[in-house]
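Structure first, commentary second.
Residue numbers (the numbering used here): 11 to 128.
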């Protein structure tokens, strides 16, 4: 019986039958983001107060700063690239979480301009 000591112990990468769907979810989220963004803008413009602000410049209110929209959209793009390129599952999972958070932040910035329902 040959019992040579092994310097490395092999570990399984993932449980048997488990599928990594981080790239699928990242792609789906990136593909749906422009439509959700456009829907939020249309919802915003359907308001009397916001459309009056755009058309006549009256009753304009400020929401969250515009730079937050640019930074969150940029972070979503970078995180999407990391999800596609990263070889390790844990990195892809974290990048997917950052991508979803950044996309939600961008939508929140748009919806922050939504006026009071009164």
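Every residue, glycine too, gets a C-beta built ideally from N, C-alpha and C.
Residue 71 (DSSP reduced to helix, strand or coil): If DSSP states are grouped into helix, strand and coil, residue 71 belongs with coil.
Beta carbon of residue 46 nearer than 7 Å to that of residue 78: Contact flag unset, no.
Backbone secondary structure at residue 123 - three-state DSSP: Three-state result, residue 123: coil.
Residue 36, DSSP secondary structure in three states: Helix.
Within 7 Å, strictly: CB atoms of residue 73 and residue 122: One thing to note: residue 73 has its Cβ within 7 Å of the Cβ of residue 122.
Helix, strand or coil at residue 96 [DSSP, three-state]: Residue state, collapsed to three classes: coil.
Residue 56 (DSSP reduced to helix, strand or coil): Of the three classes helix, strand and coil, the one that applies to residue 56 here is coil, per DSSP.
Alpha-carbon spacing of residue 57 relative to residue 112, whole angstroms: Between the alpha carbons of residue 57 and residue 112 lies a gap of roughly 25 Å.
Reference residue 37, options 91, 64, 65, 83, closest by Cα: The residue from 91, 64, 65, 83 with its alpha-carbon nearest to that of residue 37 is 91.
Beta carbon of residue 108 nearer than 7 Å to that of residue 89: In contact: residue 108 and residue 89 (Cβ atoms closer than 7 Å).
Residue of 80, 71, 41 minimising C-alpha distance to residue 54: Nearest of 80, 71, 41 to residue 54, Cα basis: 71.
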